[in-house]
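>
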Amino acid sequence: MEPVTIIATSGMPVNTFDNALERSLERLPNIAMEVNANSWGEGGWDGYSDTMLTRIAGGEQIDVIMIAIEGLRLLTAKNVLEVLDDFFAADEPANDILHNDIHVTLREMLQVDSKQYLFPFSWNNMVMYYNTTVFEEEGLDPPPTDWTWDDFLQTCLQVANVTGGADDRFAYSFWGASMFGMCAWYFNNDASPISDDWLDSNLLDPKVAETLQFLADLILEHKVAPNPEGWDEWAQFHAGNLVMRTCGRWCIAGTLEAEFDTYDIQYQPHNAGPLKTVAGTEGWGVSTSSENPQEAWEVVKHLSHSDTSIDLVKVGGSIPALRSVAAMPVFAEYGPPNTALFYESLDFAATVPSPTNFNIVEPILNRNYATIWNGERTVEEAMQAAHDELQPEMDKLKQA
Numbered sequence: 000m001e002p003v004t005i006i007a008t009s010g011m012p013v014n015t016f017d018n019a020l021e022r023s024l025e026r027l028p029n030i031a032m033e034v035n036a037n038s039w040g041e042g043g044w045d046g047y048s049d050t051m052l053t054r055i056a057g058g059e060q061i062d063v064i065m066i067a068i069e070g071l072r073l074l075t076a077k078n079v080l081e082v083l084d085d086f087f088a089a090d091e092p093a094n095d096i097l098h099n100d101i102h103v104t105l106r107e108m109l110q111v112d113s114k115q116y117l118f119p120f121s122w123n124n125m126v127m128y129y130n131t132t133v134f135e136e137e138g139l140d141p142p143p144t145d146w147t148w149d150d151f152l153q154t155c156l157q158v159a160n161v162t163g164g165a166d167d168r169f170a171y172s173f174w175g176a177s178m179f180g181m182c183a184w185y186f187n188n189d190a191s192p193i194s195d196d197w198l199d200s201n202l203l204d205p206k207v208a209e210t211l212q213f214l215a216d217l218i219l220e221h222k223v224a225p226n227p228e229g230w231d232e233w234a235q236f237h238a239g240n241l242v243m244r245t246c247g248r249w250c251i252a253g254t255l256e257a258e259f260d261t262y263d264i265q266y267q268p269h270n271a272g273p274l275k276t277v278a279g280t281e282g283w284g285v286s287t288s289s290e291n292p293q294e295a296w297e298v299v300k301h302l303s304h305s306d307t308s309i310d311l312v313k314v315g316g317s318i319p320a321l322r323s324v325a326a327m328p329v330f331a332e333y334g335p336p337n338t339a340l341f342y343e344s345l346d347f348a349a350t351v352p353s354p355t356n357f358n359i360v361e362p363i364l365n366r367n368y369a370t371i372w373n374g375e376r377t378v379e380e381a382m383q384a385a386h387d388e389l390q391p392e393m394d395k396l397k398q399a
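Take numbering that gives the first Met the number 0: the final residue in the sequence shown is number 399, and no numbers are missing along the way.
1) Which whole-angstrom value is the C-beta distance of A385 and I363, which I expect to be below 8 Å?
2) Take P336 and list the residues in its own chain whose beta-carbon comes closer than 7 Å to its own, dropping the five residues that flank it on each side.
3) DSSP three-state call for T104: helix, strand or coil?
4) Any idea what DSSP makes of S286, helix, strand or coil?
5) Given a threshold of 16 other Cβ atoms within 10 Å of its Cβ, counted over all protein chains shown, does T280 qualify as buried or as exposed?
6) Please report how far the alpha carbon of Y368 lies from the alpha carbon of F173, in whole angstroms.
7) So Y128 and F236 are in contact, right, with Cβ under 8 Å, and what is the actual spacing, rounded?
8) Return the CA-CA distance between L83 and V299, expressed in angstroms with no decimal places.
9) Against chain D, with Cβ distances strictly below 8 Å, would D310 count as a contact?
10) Here's the rule: buried if 16 or more other CB atoms are within 10 angstroms of the residue's CB, otherwise exposed. What is V158?
11) Can you tell me where the alpha helix (DSSP H) with F173 in it begins and where it stops?
12) Identify which residue in L203, A170 and T210 has its Cα closest to the Cα of D189.
13) Cutting at 8 Å between CB atoms, please list the residues of its own chain near N356, excluding the five before and the five after it.
14) What runs of the alpha helix (DSSP H), each 4 residues or longer, lie entirely inside the region 162-219?
15) Can at least three beta-carbon pairs, one atom from the region 245-253 and one from the region 311-323, be found at a separation below 8 Å?
16) Tell me which same chain residues have a C-beta within less than 8 Å of the C-beta of F347, skipping the five on either side of it?
17) Cα separation between M65 and G164?
18) Can you list, in chain order, the residues of its chain with a C-beta nearer than 6 Å to that of G284? Leave out the 5 residues immediately preceding and following it.
Now the structure itself:
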């Protein structure tokens with residue numbers, strides 16, 4: 000009998016799964032597994048989710064889907080993903096992994112209405128990457144876990160050397176867009192751009208304005224950070240022209256490729272409220288359009304296996320969802336000295352806001368953030384405009 004073809008799609012580089020494909024020949028002899036890439040469209044998980052829906056609507060065979068929490072509710076609302084509860088209930092080894100080797104925070108992130116839709120594979124937080132050589136040259140100690148925004152600003156002022164020339168050294172660069180990147184700062188000021196139930200705009204909260212003003216001042220007043228638009232953060236950090244950046248573990252891929260190892264990581268600086276790190280999880284699910292859901296489930300398990308997680312670690316990808324892999328020496332080997340911080344942060348991680356209309360919310364925020372960073376609008380003007388556009392969309396969501 001011919002093997003059943005099962006096609007999985009992912010936002011990660013397809014070569015991440017080369018070894019998994021080879022292993023599938025022996026482990027899944029009755030399945031011909033393929034992995035292809037889902038385009039990011041206009042960028043971010045909003046673009047990724049829209050592309051996924053377009054492919055499915057066009058009748059393309061997609062049996063196994065990788066999606067993150069940012070797109071999960073959109074896909075479940077469109078009835079694209081199977082509930083995995085029955086699959087787990089009938090599969091004791093997989094169920095044991097889900098409940099005993101995956102942090103509860105990650106497991107619950109990929110549930111909707113208490114139903115498990117995805118097998119958690121990897122996740123990310125946002126931490127501060129810093130150039131250890133520059134810190135040593137400037138006589139700075141490594142930043143402590145409890146450093147504040149004031150501490151951070153003083154560090155920026157000390158390490159920056161910006162005169163308008165080709166050799167400018169910026170202190171810091173941040174994502175000027177995306178829910179995930181911006182919440183790295185919002186959460187450490189006890190703020191969020193939308194309400195806790197993800198049903199209303201929270202853009203007029205004074206703490207939102209305070210956060211954005213702090214970041215805008217780094218660019219426009221203190222001149223220690225570039226406008227994020229068009230800035231090649233990866234290359235500049237590896238070239239020594241950028242001292243600090245906020246990113247998740249996936250940025251280790253670039254450091255490995257550039258053979259750059261004079262860096263370490265620390266938590267984001269904190270201003271108000273409890274210490275938090277933003278976190279988002281991605282996992283594998285079974286498509287409702289699959290004609291072979293049981294075989295698709297076997298592929299979900301195969302792509303969630305510890306061997307595949309180790310492959311991910313070695314290419315500098317996201318943090319593995321499996322606690323056992325994060326505890327392996329290989330996890331520390333492919334990362335900076337403070338690598339343990341990644342998984343430890345789950346104990347006080349806060350989920351990135353991911354409403355069902357995420358694909359509408361994020362572009363609204365991004366457009367208006369851009370007008371702050373370039374000085375076109377004040378923080379208050381930009382957030383009022385964003386709120387006036389966002390709240391009607393949230394009202395539509397509540398009425399749906």
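Even for Gly, the Cβ is constructed at its ideal location relative to N, Cα and C.
So, to answer that:
1) Counting from 1 along the sequence shown, the entry for residue 385 is found at position 386. Counting from 1 along the sequence shown, the entry for residue 363 is found at position 364. Confirmed, about 6 Å.
2) Position 337 of the sequence shown, counting from 1, holds the residue named residue 336. Result list for P336: D263, in chain order.
3) In the sequence shown, residue 104 corresponds to position 105, counting from 1. Three-state DSSP puts T104 in a helix.
4) In the sequence shown, counting from the first residue as 1, residue 286 sits at position 287. S286: strand per DSSP, three-state reduction.
5) By 1-based counting over the sequence shown, the position of residue 280 is 281. Buried, since its Cβ has 16 or more Cβ neighbours within 10 Å.
6) Translated into positions along the sequence shown, residue 368 becomes position 369. Translated into positions along the sequence shown, residue 173 becomes position 174. A straight-line Cα-Cα distance of about 12 Å links Y368 and F173.
7) Locating residue 128 in the sequence shown gives position 129, where the first residue counts as 1. Locating residue 236 in the sequence shown gives position 237, where the first residue counts as 1. With 8 Å as the limit, Y128 and F236 qualify as a contact, their Cβ atoms being about 7 Å apart.
8) As a working mapping, residue 83 is identified with position 84 in the sequence shown. As a working mapping, residue 299 is identified with position 300 in the sequence shown. Their Cα atoms are separated by approximately 10 Å.
9) Absent from the structure: chain D. Only one protein chain is present.
10) On the sequence shown, residue 158 is found 159 positions in, with the first residue counted as 1. It counts as buried.
11) Indexing the sequence shown from 1 puts residue 173 at position 174. Careful: F173 lies outside any alpha helix (DSSP H) and carries neither H nor E.
12) Numbered from 1 along the sequence shown, position 190 holds the residue referred to as residue 189. Measuring from the Cα of D189, the nearest candidate turns out to be T210.
13) Here residue 356 corresponds to residue number 357 of the sequence shown, with the count starting at 1. Listed in chain order, the non-local C-beta contacts of N356 below 8 Å within the same chain comprise L73, E392, M393, K395 and L396, local neighbours out to five positions each way being set aside.
14) 178-185 and 205-219
15) yes
16) Here residue 347 refers to the residue found at position 348 of the sequence shown. P273, L274, K275 and T276.
17) As a working note, residue 65 is residue 66 in the sequence shown. As a working note, residue 164 is residue 165 in the sequence shown. Those two C-alpha atoms are separated by around 43 Å.
18) In the sequence shown, the residue the question calls residue 284 occupies position 285. If we look at G284 and ignore the five residues flanking it on each side, its Cβ neighbours are I64, L80, Y116 and L117.
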